[in-house]
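Chain order of the listed sequences is A and B. FYI, in this note's numbering the residues of the first sequence are 1 to 689. FYI, in this note's numbering the residues of the second sequence are 690 to 777. Ideal Cβ placement from N, Cα and C applies to all residues, glycine included. Shown next, in structure tokens, is the structure this report addresses.
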Amino acid sequence: MAKSKRPVKTPSAKAGRARSASAGDSPKPPTAASTPARGGERLRSSGRLDPWLHMAASHGAGQGVSIMPLSKRTGTAAGAAAPPLGKTGGRAGRSPKARGVVAAAANQSSAARTLASRLSRPATKALMKRQLVPVLIETENFDAAAPAIAEIAHDTTRVSASTVVARVPMSRLSEIAAAAGVRYVEASVQLAPHCDLAHGSAGLVTAGARTVPQRGAGVLVGVVDTGIDTTHEAFWNGATPRIVHYLDQTANDRTYDAAQVKSGASAASQDTIGHGTHVSGIAAGNGRGSAGSQFAGVAPAADIAVVKTTFDTGDIAKGIARIFEVASQRNQPCVVNLSLGGHFGAHDGSSVLERVIDQQSGPGRIVVASAGNEGDARMHAGTVLVRDDANAARWVARFELRARMVDNQNVGLLAVQVWHQREDRLKVELRSPNGQLFAPPPNGDLEVDRTVFYVQCSHQTARYSGDHCTTFTIVTEPDNKWLAGWSIIVTEDRTVAGTSTVNVGTVHAWILDRDMGGFNEGFTRSHLVGMPGTAYSAITVASYATRRAWTSVDPDLPDVELDAVNLEDASYFSSPGPTRDGDTKPEVCAPGQWLIAPLSQDADPREMPDWLQLPGRRYAALQGTSMAAPYVTGAVALLLEKNPTMDWAEVKRRLIKSTRQDRFTLPCWNPRWGYGKIDVARLLTVEPE
Amino acid sequence: MSSRLKDVLRASRAGTGAGGTRRVLVALNVPEANPETLDELRAIGLAVESVIGNKVVGAIADGDLARLRASPRVADVEESTTLRPHRN
């Protein structure tokens, strides 16, 4: 669907970066010399390489992606002609951009060169003249470039004010690249349709073709998120919208059906964050707006239902129920994606929201959740107290608050929850920096009001498990001597001297948000899957890396390359399991670092800065378990197309049996990888015992 | 001095409990929420927004929360919290 796009407001690069850096939760802008605090990812800017050359270099061997379409049987280029190598050597007299295009042709894959060597020179030349190459033409003056594009290019689609997707005879590539008004011509990966890097790694695409016939037809993919850009061509089939239901909980539950999406009325409910649009595209985008549909999602023929949520757990519960209700009305199997979470609660799947998920799931009703992005956060500390009648067990976890702006006040504000088993009699206390101890009464509250800090304590016995939860909420002046030096102290609550009250001994403490602060000691790299990822019936997804480079529209960073991303390795941010009660979460790991998917045209540039946006501004790169979950959601949609009544237990059995282990995952199940990497082709064919 | 800190905490929670009310998710002790049960919950002060099987999403005044928790029809009451997208 061709459409014009509003220009994205872009702050000046330096100013925008300064704001992003201080904002904390904005995307970290890469700089050549800096290392972002969380990821340790350093970006190498290689200057203004020709995009084609850059793509040829970045999609080379080892990525599972070839530049030319390969025949499955022979491994050689199928039906496509390679450039005549002899023609690409002369550079004299050509413009730099023309030199780049022609030189890039010489750098095409060895498979292409193999084919070329097998063809006679006249035959090669004849094929060359006919060969139409999918390209993306970026203009600096569209009107000036239009005559040349009209004369030379075929199948042209203007995808933005400055960008045209087209097919160009290979023999005339340099001519169009040199035409007046053309900034550059980008090609190469377009020759491998659907062959985005994640799909190759996850077994969905091999040698440029999908490995499975299913595309999600007849299945409803539901997304509860920040909304969706309903005008994005990836969610349309020609003039027909694929979004059949759109509920906006942020606008008094305003609802749009397919007709209202088609009329454009739904454009009023914008996705200004861009997260939901990206997530929806990974699961079910059809790739339109990308050359050769190369950025198609996993289930590009699925129908789509979206809830733009407030992210309040009550609204999320309602959103899930609404999507399943729509699926029932349409008599469709359905999978709902939840790329969201939090750390309030028992971490054992017993929250009411998680029990709603369990209740709503069933045959043809599946929920997929992201594991979380706290893999590198000091948010969890824990221990197992040892029963010893002679010496009372004691555990101390020190932590500090981080000063931040809350309600326009600079303060420290932190909430920490401590959970222990119903079988143990333990005393849980908070120690302030000046040595005072505070503890709530059983199933009661305590409030402490001091000059420099304010503390609320509460104890509750969980209704579902009978376990004990003690919550401390602390607000302090933003002075280091009050931000640091806090401790949780857990001791036995002995009623009979010489008799231990420890029976199980497991103690867990969670700081509820990484922005609040962190533990100084005793913190673990486990038990960091949040709610609703700990829901028993949900399929919980961790993230691994499949991409570290792309071409962006940022004039200062046209070639984004993240050195520290280890391809095929687990993402540093991906939250490891298990749950507090030992359930094997996450179940599966999927591509989530970095994925290219549709960009909402309404996304705030602070959320989607230029360095994340690809030429044409229709697609963007993002990372997070938010991106990994919809990959599995799409795969489940393919399963449901094959078997519409499959339930979550059967889906999990097939996932467990089909996952892939390698030198990165090591033996599975393990807390970081779950049962291993998703393998879509095997998932669709495996039969569990 | 300290009241400032207390006010900050209260303000930070305003989104979930404006005007002294709290948004809650309620799990019932019955397989399905029937009209009689919902009427009992309303009598306690719960403003019912949505019913999902035997779970209810609603809002209740701070002062009525303890009575709601104590109701024999109620298995669990959870205050609604705000989650965040898992984009890194």
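Task: Best match in A:Trp482, A:Asp679, A:Asn391 for proximity to Leu401 (chain A) [C-alpha to C-alpha] - done: A:Trp482
Open item on the list: Against chain B, which members of the segment 618-637 of chain A pass a CB distance test of less than 7 angstroms?
Closed with: Against chain B - using a Cβ distance shorter than 7 angstroms - the residues of the segment 618-637 of chain A are Leu622, Gln623, Gly624, Thr625, Ser626.
Task: Residues of its chain near Tyr631 (chain A), where Cβ-Cβ distance is below 8 angstroms and the 5 sequence neighbours each way are ignored - done: Ala198, Ala202, Ile282, Ala283, Val298, Val541, Ala590, Pro591, Gly592, Leu595, Ile678
- [ ] Confirm the yes/no value for this check: CB of Ala258 (chain A), any heavy atom of the ligand GDP, distance under 7 angstroms.
- [x] Among the components modelled here there is no ligand, and therefore nothing to report on the ligand GDP.
Open item on the list: Rounded to the nearest angstrom, what separates Ala317 (chain A) and Gly218 (chain A) at their Cα positions?
Closed with: 24 angstroms
Open item on the list: According to DSSP, is His527 (chain A) part of a helix, a strand, or is it coil?
Closed with: coil
Open item on the list: For Thr470 (chain A), list the residues DSSP reports as bridge partners.
Closed with: A:Val418, A:His459
Task: Beta-carbon separation (whole angstroms), Arg682 (chain A) vs Ala570 (chain A), contact threshold 8 angstroms - done: That pair is no contact at about 20 angstroms.
Open item on the list: Let me confirm a value: Asn743 (chain B) is counted as buried when at least 16 other C-beta atoms fall within 10 Å, else exposed. Which label applies?
Closed with: So Asn743 (chain B) ends up on the buried side.
Task: Cross-chain neighbours of Ser739 (chain B) in chain A, by beta carbon under 7 angstroms - done: Those are Lys318, listed as they occur along chain A.
Task: Alpha carbon of Thr501 (chain A) to alpha carbon of Asn373 (chain A), nearest angstrom - done: 36 angstroms
- [ ] Could you tell me if Ser692 (chain B) is buried or exposed, where buried requires 16 or more neighbouring beta carbons within 10 angstroms of its beta carbon?
- [x] exposed
Task: Bounding residues of the alpha helix (DSSP H) (the contiguous stretch that carries Gly200 (chain A)) - done: 197-201
TODO: Give me the Cβ distance between His775 (chain B) and Ser458 (chain A), rounded to the nearest whole Å; I'm assuming they're in contact under 8 angstroms.
DONE: So it is not a contact: roughly 28 angstroms between Cβ atoms.
- [ ] Go through its chain and collect everything with a Cβ distance to Val396 (chain A)'s Cβ below 6 angstroms, but skip five positions before and after it.
- [x] Ser487, Ile489
Task: Pairwise C-alpha distance: Leu666 (chain A) and Glu175 (chain A) - done: 51 angstroms
- [ ] Could you check the C-alpha separation between Leu132 (chain A) and Ala166 (chain A) for me, to the nearest Å?
- [x] 9 angstroms
TODO: Taking only beta carbons into account, state which residues of the segment 463-476 of chain A come closer than 8 angstroms to chain B, listed in chain order.
DONE: Against chain B - using a Cβ distance shorter than 8 angstroms - the residues of the segment 463-476 of chain A are Arg463, Tyr464, Thr473, Val475, Thr476.
TODO: Report the residues of the segment 709-743 of chain B with a CB closer than 8 angstroms to any CB of chain A, ordered along the chain.
DONE: Arg712, Val713, Leu714, Val715, Ala716, Glu738, Ser739, Ile741, Gly742, Asn743
TODO: Name the two residues that bound the continuous alpha helix (DSSP H) containing Asp647 (chain A).
DONE: Premise fails: Asp647 (chain A) is in no alpha helix (DSSP H) and is neither H nor E.
TODO: State buried or exposed for Leu426 (chain A), treating a residue as buried only when at least 16 other CB atoms are found within 10 Å of its CB.
DONE: With 16 or more other Cβ atoms within 10 Å, it is buried.
Open item on the list: Let me check understanding here. Comparing Cα to Cα, which of A:Arg463, A:Asn252, A:Cys334, A:Thr226 lies closest to Val244 (chain A)?
Closed with: A:Cys334
Task: Any chain B beta carbon closer than 8 angstroms to Gln417 (chain A) - done: no
Task: Separation of Pro576 (chain A) from Trp510 (chain A), as counted between CA atoms - done: Each residue's alpha carbon lies about 14 angstroms from the other.
TODO: Could you have a look at Tyr544 (chain A) and say whether DSSP puts it in helix, strand or coil?
DONE: strand
- [ ] Measuring only between beta-carbons, confirm whether Asp751 (chain B) sits less than 8 angstroms from chain A.
- [x] no
- [ ] Would you verify that the beta carbon of Pro774 (chain B) is, or is not, closer than 8 angstroms to some beta carbon of chain A?
- [x] yes
- [ ] Can you tell me which of the three DSSP states Val244 (chain A) falls into?
- [x] strand
TODO: For my contact list, Lys657 (chain A) and Val686 (chain A) are in at a C-beta cut-off of 8 angstroms; report their separation, rounded to the angstrom.
DONE: That pair is a contact at about 5 angstroms.
TODO: Tell whether a beta-carbon distance below 8 angstroms holds between Gln294 (chain A) and Ile320 (chain A).
DONE: no
Task: Contacts that Ala700 (chain B) makes with chain A (C-beta to C-beta distance below 7 angstroms) - done: The contact set of Ala700 (chain B) on chain A, defined by CB atoms closer than 7 angstroms, consists of Asp407 in chain order.
Task: Cβ shell of Met379 (chain A) (< 7 angstroms), same chain only, five flanking positions each side left out - done: His343, Trp510, Ile511, Arg514, Gly518, Leu528
TODO: For Ala764 (chain B), return the contacting residues in chain A, with the cut-off set at a CB-CB distance below 7 angstroms.
DONE: Arg463
Task: Check whether Glu138 (chain A) and Arg183 (chain A) have beta carbons under 8 angstroms apart - done: yes
Task: Per-residue burial, Leu437 (chain A) [other beta carbons within 10 Å of its own, 16 or more giving buried] - done: exposed
TODO: Could you please give the first and the last residue of the uninterrupted alpha helix (DSSP H) stretch that includes Glu738 (chain B)?
DONE: Per DSSP, Glu738 (chain B) belongs to no alpha helix (DSSP H); it is in the beta strand (DSSP E), 736-741.
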